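S.K.:
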Amino acid sequence: MRLSNLIRKTDKTRAALGRMAFSLVLLVLFISGCSSAVNETPKPEVSQADQAKPIELLVSTAPSLKGSLEEIKSLYSAKNAQVKLVYNYGPSGSLQTQIEQGAAADIFISQGKPQMDALEQKGLIKQDSRVNLLGDELVLIVNKNNTSINSFEDLAKPEVKKIGIGEAGSVPAAKTAQETLETLKLWDTLQPKFVIGKDLMQIMTYVETDNAEAAFVWDTIAILSDKVKIVAAAPANSHKPVVLPAAVVAASKNSDEASKFLEYLQSDEAMKIFEKNGFIRGE
52 MRLSNLIRKT DKTRAALGRM AFSLVLLVLF ISGCSSAVNE TPKPEVSQAD
102 QAKPIELLVS TAPSLKGSLE EIKSLYSAKN AQVKLVYNYG PSGSLQTQIE
152 QGAAADIFIS QGKPQMDALE QKGLIKQDSR VNLLGDELVL IVNKNNTSIN
202 SFEDLAKPEV KKIGIGEAGS VPAAKTAQET LETLKLWDTL QPKFVIGKDL
252 MQIMTYVETD NAEAAFVWDT IAILSDKVKI VAAAPANSHK PVVLPAAVVA
302 ASKNSDEASK FLEYLQSDEA MKIFEKNGFI RGE
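Spelled out as structure tokens, the structure:
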């Protein structure tokens, strides 16, 4: 074979090998691209509706705070459109039980310390978030037309048959009432006259409808009705201080927003509303 023919044959072989190598590279790149496309997890599209959906904060709280919190909701929502405030009102003992049983809640505001203490001992609130938010006062109420009862001592009169008081286990005002009456040496005398109510609103209704001549409620509850009047306030030294503690619930899924709202509740703007409704700034 001539040298020139051999060279031409070698060149053809090299060209063929080059084309094969190039084709092989293209094939590998194609397969790799397909594999990546198959394995890549598509990112879910976030709709505008989801992006605009507000964060819902559930606040479990004592009924005495209703007037204040509803007013605060309007102010806070105007400045924080991303947050929707939802209130769950109920006796503090019942709310405590709900949280212990796993019910959803972001913030708990109790009408008394024992309920908050119990949750803290079980690790169900964020301990560093707990504050003494407010204070309240125990008062004695009667129907606005009643003229025969003007003091705690008047409750011992024979003509007084029924006195409204909350359930001892779930209504903090009942414990404060007991402490007050024991200090005044009236507890044993008045017990047979007690009509028990599940919460203070129910107890106040007893007085409004003349199903009880008098009742023990918080000052902040009494001012909600124009059918009753306050005739006496419990002496300050007759019972333990009335404190309304508040805290972020440990299981909250929105703890950052809950902390911000709790901080706002301690602001001067919020406190003016609380004080207007009869509360005392917490210490």
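FYI, in our numbering the residues of the sequence shown are 52 to 334. Using N, Cα and C, we set each Cβ at its ideal position, and we do this for glycine too. This one's a predicted model, so the numbers in the text were calculated from it and none came from an experiment.
Assuming P296 and L184 form a contact by the criterion Cβ under 8 Å, report the distance between their Cβ atoms to the nearest whole angstrom.
M.R.: Here residue 296 refers to the residue found at position 245 of the sequence shown. Here residue 184 refers to the residue found at position 133 of the sequence shown. Their Cβ separation, rounded to whole angstroms, is 6 Å, which keeps P296 and L184 in contact under 8 Å.
S.K.: Which of the three DSSP states, helix, strand or coil, is assigned to P382?
M.R.: Missing from the structure shown is residue 382; the chain here goes from 52 to 334 and no further.
S.K.: Could you name the residues of the same chain whose beta carbon sits closer than 7 Å to that of S87, not counting the 5 residues immediately before and after it, in chain order?
M.R.: Sequence index remark: in the sequence shown, residue 87 carries index 36 (1-based). In this predicted model, S87 has a pLDDT of only 48, less than 50, meaning its place in the structure is not dependable; the value taken from the coordinates is given anyway. Closer than 7 Å at the Cβ level, and outside the excluded window around S87, lies no residue.
S.K.: Thinking just about the alpha-carbon of each residue, which of S303, G333, P142, S318 is nearest to the one in L175?
M.R.: Residue mapping note: residue 175 aligns to position 124 of the sequence shown, counting from 1. The shortest C-alpha separation from L175 is found at S303.
S.K.: Going by DSSP in three states, I324 sits in which element: helix, strand or coil?
M.R.: Position 273 of the sequence shown holds residue 324. If DSSP states are grouped into helix, strand and coil, I324 belongs with the helices.
S.K.: Can you say whether E233 is buried or exposed, counting buried as having 16 or more other CB atoms within 10 angstroms of its CB?
M.R.: Sequence index remark: in the sequence shown, residue 233 carries index 182 (1-based). The residue is exposed, with fewer than 16 neighbouring Cβ atoms inside 10 Å.
S.K.: Under three-state DSSP, which class holds P296?
M.R.: Here the question's residue 296 lines up with position 245 in the sequence shown. It is a strand residue.
S.K.: Check whether the segment 145-162 touches the segment 278-286, taking contact to mean three or more Cβ pairs, one atom from each stretch, closer than 8 Å.
M.R.: Flag = no, the segment 145-162 and the segment 278-286 do not touch.
S.K.: By Cβ distance, which residues of its chain are closer than 7 Å to E138, with the 5 residues on each side in sequence left out?
M.R.: To locate residue 138, count along the sequence shown from 1; it is residue 87. Note on identity: in this sequence residue 138 is Tyr, with Glu being the wrong assignment. Answer for Y138: V110, T112, L120, listed in chain order.
S.K.: Where Q133 and I106 are concerned, what is the direct C-alpha to C-alpha distance, given to the nearest angstrom?
M.R.: Within the sequence shown, the letter at position 82 stands for residue 133. Within the sequence shown, the letter at position 55 stands for residue 106. Cα to Cα, Q133 sits roughly 6 Å from I106.
S.K.: On the DSSP bridge list, what partners appear for Y127?
M.R.: For the purposes of this step, residue 127 is identified with residue 76 of the sequence shown, where counting begins at 1. In DSSP, Y127 forms no bridge with anything.
S.K.: Short of 8 Å in beta carbon distance, which residues of its chain neighbour E195, apart from the five on each side in sequence? Order them along the chain.
M.R.: For the purposes of this step, residue 195 is taken as the residue at position 144 of the sequence shown. As written in the sequence, residue 195 is Lys, which differs from the Glu given in the question. D277, K278, V279, K280.
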